[in-house]
Amino acid sequence: MELSGSAFYRKIKQVKDILLSKIILLAAIILIAGCDSKYSTETKPLQLTLQIQDPNTDHIITNTENVNSANVGVVIVDPWNYHWCMTACERVSAMVPRWNRALEVARKLEMPIVWVPSDVVGTYSGYLQRERALGVELLKVPVVKEMPQAIFTAPVGKCMCGPGINCIVNYGHDAINPALFLGDNDFIASSTEEVYTLFKEKGITHVIYMGLHTNMCLYGKPGALKYLWQTGLKCMVARDINDAFTTYDPYKGFTPDKGTQQTDEDLERAGIPLINVVEEWQKAGLWDENWIVETVRIAPWGKPDRPYFFRQSTTITLTTPWLKDVDIRYTLDGSDPTNSSPVYQKPLTISKTTNLRTAAFRKKNLVSVPTSAYFVLLPPEPKHPDIYLDNLNYMVDPYGQIHPGFVWEPKKGTSYEELPLRIRGKLYEKGMGFAAPSAVRYELKPEYDSFVAKAGIDDNMLDNHKGCHLAMHCSVVFRVFIDGNLMAESPVMRISQEPWPFDVKIPQGSRYINLVCMDAGSRNIMDLGNWVDSGFCLK
Ligand SMILES: [Zn+2]
585 MELSGSAFYR KIKQVKDILL SKIILLAAII LIAGCDSKYS TETKPLQLTL QIQDPNTDHI
645 ITNTENVNSA NVGVVIVDPW NYHWCMTACE RVSAMVPRWN RALEVARKLE MPIVWVPSDV
705 VGTYSGYLQR ERALGVELLK VPVVKEMPQA IFTAPVGKCM CGPGINCIVN YGHDAINPAL
765 FLGDNDFIAS STEEVYTLFK EKGITHVIYM GLHTNMCLYG KPGALKYLWQ TGLKCMVARD
825 INDAFTTYDP YKGFTPDKGT QQTDEDLERA GIPLINVVEE WQKAGLWDEN WIVETVRIAP
885 WGKPDRPYFF RQSTTITLTT PWLKDVDIRY TLDGSDPTNS SPVYQKPLTI SKTTNLRTAA
945 FRKKNLVSVP TSAYFVLLPP EPKHPDIYLD NLNYMVDPYG QIHPGFVWEP KKGTSYEELP
1005 LRIRGKLYEK GMGFAAPSAV RYELKPEYDS FVAKAGIDDN MLDNHKGCHL AMHCSVVFRV
1065 FIDGNLMAES PVMRISQEPW PFDVKIPQGS RYINLVCMDA GSRNIMDLGN WVDSGFCLK
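Counting in this note's numbering, the sequence shown runs from 585 upward without gaps.
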């Protein structure tokens, strides 16, 4: 394949970015390995409390399993760094503080930890944890008992953001959540055979499942609960470290936390036991009560680098499923929550762009890791222009005029990749396709009254295996300058966001307008932004 000048440099940049990210990951692994070696490990006899429910009466039944910690394995399913639903994505991060501590204790107890990240396992080629799992001589996986069929009753929505603007499916995830510690002696596996063999070699009899989504991947992916259960290993699910993919309906008071709780109870009714990992580690005397590991969860859950867009208003629910007797306190102006901030009483309805910060307090003491969310009110739809940009001549940066190829010139009437202009699945006939970072200037005429446009990420990439491993990286900011003055800008735009509307009044006597499609920090080859239905309204 021959690459044009700009495509060649973009390719070089992408390779550089990937190398840099690998170096950072390697540094993190070395650091974590260093942390691991500080701890002495010691196996312990455990008395695990397993809970199921009578399917007819919902009566809770608990059983005690006596097992040495060295015979217990941990499997972690799909703790990805990104999810096409922003709320689902942030809910992984919400579990990370508890999760890391729980795994730290599991490693002290000499429990083997096997990560099963499915779609993103390819990212770990060459990692010692992955190669070690691939190196085993696989055993044949026996099927000695039937897996009980769990009937999942929690409603599943388009996404977990609720009744407003939903997220659209893509497969952008490309790694494990970077805040989760990957231990030096852990394993990364991709098949039931690998997990089964690793556990058999180590004499594992009991397996604790963590991860998500409980009603989908944790249940049925290769290496997941369903398949290991059938081998006869005693499998259980960590009640405090799993999340189901359900929905958020503030009108009915249905939260993603309720969805997870309902899903866990569905497992119990099928006879699949759950345990509370933190309670188990408390019983083993290895849990420090001063560890702050819980977060206030937010629905819906956008962030400044991936905002939740809404029209008119949106209703926010805050929850702390693993903290009792606390006040959830919050601020709506971006300031840190303190023990005198307002106490959350009921769902909050907001009607303007809001930076929410929240934390839980017991009496006056902070007892959660603070969390935050960002909600952006979409401005009204702009008018269509009288003169479209497609019919005007633009100027690129003066350097690019002398040395073409060193600045990325936009395409008229198509995406940068010369495909139909498409934002959030909708096609646009008129507009300009940019690759960030780039800009074009237009001369302003006295008869121009305003500049109008919509701008968003081109989503043609979703046609190729739903943007697999790529869609998470697109992020741009659109800006409008007139004679050097910033007149308007979009929030950070991500894949499948509603296009951002622009309606910019042009001051008398202005000379030039500069339309910018900026990189928003990811420096990624897929930062393709479209200005559509863009141009000038006449006086
Ligand atoms: Zn969503």
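Beta carbons are placed, not taken as given, at the ideal position from N, Cα and C, and that holds for glycine.
Practice item. Apply the 10 Å Cβ neighbour rule to LYS810 and answer buried if 16 or more other Cβ atoms are within range, or exposed otherwise. Key: Looking up residue 810 in the sequence shown gives position 226. Flag for LYS810 reads buried.
Review point. CA-CA distance, CYS673 and GLN1092?
Key: Position 89 of the sequence shown, counted from the start, is the residue given in the question as residue 673. Position 508 of the sequence shown, counted from the start, is the residue given in the question as residue 1092. In a straight line, the C-alpha of CYS673 is about 46 Å away from that of GLN1092.
Exercise for review: Tell me whether LEU1070 sits in a helix, a strand or coil according to DSSP, three-state version.
Suggested key: Here residue 1070 refers to the residue found at position 486 when the sequence shown is read from its first residue. The answer is strand: DSSP assigns LEU1070 an E or B state.
Review point. Alpha carbon to alpha carbon, how far is VAL910 from CYS745?
Key: Position 326 of the sequence shown, counting from 1, holds the residue named residue 910. Position 161 of the sequence shown, counting from 1, holds the residue named residue 745. In a straight line, the C-alpha of VAL910 is about 25 Å away from that of CYS745.
Check your understanding: Taking the beta strand (DSSP E) that PHE1035 falls in, what are its first and last residues?
Key -> Within the sequence shown, numbered from 1, the residue matching residue 1035 stands at position 451. Unbroken beta strand (DSSP E) run through PHE1035: 1032-1041.
Point to revise | Residue range of the unbroken alpha helix (DSSP H) whose run includes SER677 | key: Locating residue 677 in the sequence shown gives position 93, where the first residue counts as 1. Where SER677 is concerned, the enclosing alpha helix (DSSP H) stretches over 670-692.
Review point. Can you pull the DSSP bridge partners for PRO1085?
Key: Taking the first residue of the sequence shown as position 1, residue 1085 is located at position 501. Answer by DSSP bridge pairing, in chain order: LYS1038.
Exercise for review: For SER1118, count neighbouring Cβ atoms within 10 angstroms of its own Cβ and tell me buried if that reaches 16, exposed if not.
Suggested key: Position 534 of the sequence shown holds residue 1118. Result: buried.
Check your understanding: Nearest-angstrom Cα distance between ARG890 and ASP1042?
Key -> As a first step, residue 890 is located in the sequence shown; it is residue number 306 there, counting from the start. As a first step, residue 1042 is located in the sequence shown; it is residue number 458 there, counting from the start. For ARG890 and ASP1042, the distance between alpha carbons rounds to 16 Å.
**Study point:** Strand pairing of PRO629, partner residues [DSSP]
**Key:** In the sequence shown, the residue the question calls residue 629 occupies position 45. Answer by DSSP bridge pairing, in chain order: ASN652.
**Study point:** Inter-residue Cα distance where the pair is VAL676 and ALA828
**Key:** For the purposes of this step, residue 676 is identified with residue 92 of the sequence shown, where counting begins at 1. For the purposes of this step, residue 828 is identified with residue 244 of the sequence shown, where counting begins at 1. Approximately 11 Å, taken between the alpha carbons.
Point to revise | Proximal residues to ASP1033 (C-beta, below 7 Å), its chain only, five neighbours per side dropped | key: The residue labelled residue 1033 in the question sits at position 449 within the sequence shown. Correct list, in chain order: ILE1090, CYS1121, LEU1122 and LYS1123.
Exercise for review: Under 8 Å Cβ to Cβ from ALA868, same chain only, skipping five residues before and after it: list those, please.
Suggested key: The count along the sequence shown starts at 1 and reaches residue 868 at position 284. So the qualifying residues of the chain are LYS628, LEU630, SER653, VAL689 and LEU693.
Practice item. With DSSP collapsed to three states, give me the class of LYS1010. Key: Translated into positions along the sequence shown, residue 1010 becomes position 426. Note: LYS1010 maps to strand in three-state DSSP.
Review point. Whose CA, out of SER774, VAL1061, LYS1029 and GLU1002, lies closest to the CA of ALA1023?
Key: Position 439 of the sequence shown, counting from 1, holds the residue named residue 1023. Measuring from the Cα of ALA1023, the nearest candidate turns out to be VAL1061.
Check your understanding: For the beta strand (DSSP E) that ARG716 lies in, which residues bound it at each end?
Key -> Along the sequence shown, one-based indexing puts residue 716 at 132. Taken as a continuous stretch (DSSP letters only), ARG716 belongs to no beta strand (DSSP E), being part of the alpha helix (DSSP H) at 712-718.
Review point. Taking C-alpha atoms, which residue in THR901, ALA1037 and LYS996 lies nearest to HIS968?
Key: As a first step, residue 968 must be located in the sequence shown, where it is residue number 384. The shortest C-alpha separation from HIS968 is found at ALA1037.
Review point. Using CA coordinates, which residue listed in ILE645, ASP1103, GLN929 and LYS936 is at the minimum distance from THR903?
Key: Position 319 of the sequence shown, counted from the start, is the residue given in the question as residue 903. For THR903, the nearest C-alpha among the options comes from GLN929.
Check your understanding: If you draw a straight line from the alpha carbon of LEU766 to that of VAL705, how long is it in whole angstroms?
Key -> For the purposes of this step, residue 766 is taken as residue 182 along the sequence shown, with counting starting at 1. For the purposes of this step, residue 705 is taken as residue 121 along the sequence shown, with counting starting at 1. Near 13 Å, if we compare the C-alpha coordinates of VAL705 and LEU766.
Exercise for review: Give a single yes or no on whether THR671 has its beta carbon closer than 7 Å to a heavy atom of ligand 1.
Suggested key: The residue given as residue 671 occupies position 87 in the sequence shown. Correct: THR671 has its Cβ closer than 7 Å to ligand 1.
Exercise for review: Specify, as a first and last residue, the run of the alpha helix (DSSP H) that ASP568 falls within.
Suggested key: Beyond the ends of the chain as shown, which are 585 and 1123, falls residue 568; an answer cannot be given.
Exercise for review: Would you mind sorting ARG782 into buried or exposed? The rule is 16 or more other CB atoms within 10 Å of its CB.
Suggested key: The count along the sequence shown starts at 1 and reaches residue 782 at position 198. For clarity, residue 782 is Leu in the given sequence; the question names Arg instead. So LEU782 counts as buried.
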